[in-house]
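Heads up, the thing below is written out as structure tokens.
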Amino acid sequence: MSETKISLAVKHLRALSQEQLHDLLLRASKGGFTLGDAIRSAVQNPDSSVGAYAGDADSYDTFAEFFGPLIEEYHGFNGTHVTDFDVTKISTEPVDPTGEAIVSTRIRVGRNLAAYPLAPLITREQRLDLMNKVSAVLKEKLTGDLAGEFYPLEGMSEETRVQLVQDHFLFKQGDRFLESVGANRDWPEGRGIFHNADKTALVWINEEDQLRIISMQKGGDIRAVFDRLARMVEIINASLPLSYHPKYGAVSSCPTNLGTAMRASVHVKIPFVSARPDFKEICQDLKLSIRGVDGEHSESKGGIYDISNKRRLGVSEVDAVTTMYEGIKKLLAMEREMAAAAAV
Ligand code: ARG
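The numbers in our numbering rise by one with no breaks, and the one at position 216 of the sequence shown is 247.
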């Protein structure tokens with residue numbers, strides 16, 4: 032069998048000594064997650080890039096000899112994560128003053144509730160209970176500009192469904208990676224979407240993480256988007272304590288999301304810069320990730336790119352957003368220079 036690339040899960044499993052492996056195989060996390068459960072997705076999907084999941088926050092400690100080096104390799108960080116949502120630290124200077132380049136801004140964080148196991152382990156009853164509790168809190172506590180409605184996926188009317196798809200709000204059943212680890216069980220029961228009247232504040236319930244808290248709007252006002260997100264996280268945490276790990280920050284089912292669990296992105300028109308052969312390297316140097324406009328693994332459309340912060344762990348929420356802000360500012364400056372040169 033030719034093996035060109037192995038997942039981080041398999042790589043770090045192989046790095047364990049016989050004794051460590053034997054010892055880890057005899058363990059189970061507080062919620063009953065085993066090492067076999069943690070790597071099931073990598074075993075069933077050999078093309079995984081990471082391939083490991085946690086069943087509960089304790090999985091990261093119970094299998095620390097396995098997860099620790101894997102997380103360190105993926106994130107390039109082995110310190111203690113610090114959370115910081117202080118909006119006053121975000122620049123008030125508009126990143127795209129003419130408003131011509133940035134189509135929209137979206138920041139999401141993954142969060143899970145301290146009181147429940149993560150998606151791979153949560154039971155049907157717990158999932159339903161969580162959905163009911165969270166949706167009740169959202170309806171009661173999100174007020175003013177955040178006030179909105181909850182739409183369960185199960186039994187959703189065709190009209191609502193079509194509208195949510197059009198707005199790019201509807202989340203789909205998890206992929207085969209999540210299927211392997213049991214995160215799609217009982218789909219679509221216990222899942223749903225909350226959004227405010229303006230559709231700028233959203234919460235997905237019981238997807239890959241129990242909560243995906245999302246703030247978005249047209250244009251490039253990154254500070255306003257961050258501010259709204261910070262308020263939502265604070266309000267939710269005050270009623271339903273979120274799960275934070277002393278070392279890894281926000282707990283997520285996939286180790287790639289640990290720390291801030293934040294993806295701060297803009298859809299931006301950069302026809303000149305994106306045509307450069309070294310566009311990928313430029314973004315890498317600016318610590319930015321590039322995607323197409325239709326989500327993970329999609330292509331760009333009409334020269335519009337989805338550009339986001341790369342690092343999630345070892346940088347605070349403020350740092351993650353600031354990295355995105357500074358990077359976009361540089362890309363837009365390059366774009367202006369190239370456009371001006373082309374116009375001569
Ligand atoms: N488990 C998948 C893999 O290893 C997805 C990893 C990151 N993506 C995510 N949505 N968590 O390829």
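For every residue, glycine included, the Cβ atom is placed at its ideal position computed from N, Cα and C.
So, helix, strand or coil for residue i, using DSSP?
i	result
residue 215	coil
residue 336	strand
residue 180	strand
residue 270	helix
residue 341	coil
residue 321	strand
residue 359	helix
residue 246	strand
residue 112	coil
residue 280	strand
residue 63	coil
residue 290	strand
residue 84	coil
residue 91	helix
Whole angstroms are fine: how far does the CA of residue j sit from the CA of residue i?
i	j	result
residue 83	residue 129	43 angstroms
residue 187	residue 155	19 angstroms
residue 37	residue 80	7 angstroms
residue 165	residue 238	13 angstroms
residue 151	residue 369	48 angstroms
residue 42	residue 153	27 angstroms
residue 259	residue 283	21 angstroms
residue 338	residue 292	16 angstroms
residue 250	residue 231	12 angstroms
residue 139	residue 221	21 angstroms
residue 362	residue 371	14 angstroms
Cβ of residue i versus every heavy atom of the ligand GTP: is any distance shorter than 6 angstroms?
i	result
residue 293	Summarising the ligand content, the structure contains the ligand ARG and does not contain the ligand GTP.
Can you check whether the CB of residue j is closer than 7 angstroms to the CB of residue i?
i	j	result
residue 340	residue 295	yes
residue 126	residue 356	yes
residue 78	residue 60	no
residue 195	residue 201	yes
residue 273	residue 142	yes
residue 207	residue 76	yes
residue 300	residue 132	yes
residue 136	residue 267	no
residue 345	residue 108	yes
residue 69	residue 94	yes
residue 113	residue 320	no
residue 318	residue 354	yes
residue 215	residue 204	yes
residue 255	residue 116	no
How is the beta strand (DSSP E) around residue i delimited, first residue to last?
i	result
residue 136	133-142
residue 233	232-236
residue 71	From DSSP, residue 71 is part of no beta strand (DSSP E) but of the alpha helix (DSSP H) over 66-75.
residue 298	293-300
residue 226	223-227
Could you spell out the range, first to last residue, of the alpha helix (DSSP H) harbouring residue i?
i	result
residue 197	189-197
residue 285	Element bounds for residue 285: n/a, residue is neither H nor E.
residue 42	39-45
residue 172	155-172
residue 96	95-106
residue 120	No alpha helix (DSSP H) contains residue 120, which DSSP labels as neither H nor E.
residue 315	310-316
Among all residues, which have a Cβ less than 5 angstroms from at least one non-hydrogen atom of the ligand ARG, and in what chain order do they fall? Cβ-based neighbours of the ligand ARG within the cut-off: 79, 80, 81, 82, 208, 285, 287.
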